[in-house]
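K.L.:
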Amino acid sequence: MSLKTFHIIFVVFSVLLTLGLGFWALDNLPIMSAFAFSGCAVLIFYGVKVFKKFQAI
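By the count of this note's numbering, the sequence shown reaches residue 72 at its end, each step adding exactly one.
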């Protein structure tokens with residue numbers, strides 16, 4: 016497995032984990048949920064940016 020593939024898979028799993036944390040914390044801990052969803056948005060932005068960069072390499 017190349018470093019590019021590992022990086023993309025790691026970012027996808029991180030997005031899924033932060034989404035899961037955000038939905039889990041939605042009822043009990045709304046502040047944590049807000050941080051998780053904002054972190055998920057940052058990870059998605061980062062993932063798209065890195066994916067475009069990897070296509071250019």
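Virtual Cβ for every residue (Gly too), placed ideally from N, Cα, C.
For M47, which residues in the same chain have their Cβ closer than 7 angstroms to its Cβ, ignoring the five residues on either side in sequence?
P.N.:
Locating residue 47 in the sequence shown gives position 32, counting from the first residue. Once the five neighbours on either side are set aside, the close Cβ partners of M47 are A40.
K.L.:
Can you have a look at N20 and say buried or exposed, based on whether 16 or more other CB atoms are within 10 angstroms of its CB?
P.N.:
Mapped onto the sequence shown, residue 20 falls at position 5. Residue identity differs from the one stated: residue 20 is Thr in this sequence, not Asn. That one is exposed.
K.L.:
Using the C-alpha atoms, what's the distance from V26 back to F60?
P.N.:
Looking up residue 60 in the sequence shown gives position 45. Looking up residue 26 in the sequence shown gives position 11. Near 10 angstroms, if we compare the C-alpha coordinates of V26 and F60.
K.L.:
Are I24 and F66 close, meaning C-beta to C-beta below 8 angstroms?
P.N.:
Indexing the sequence shown from 1 puts residue 24 at position 9. Indexing the sequence shown from 1 puts residue 66 at position 51. Contact flag unset, no.
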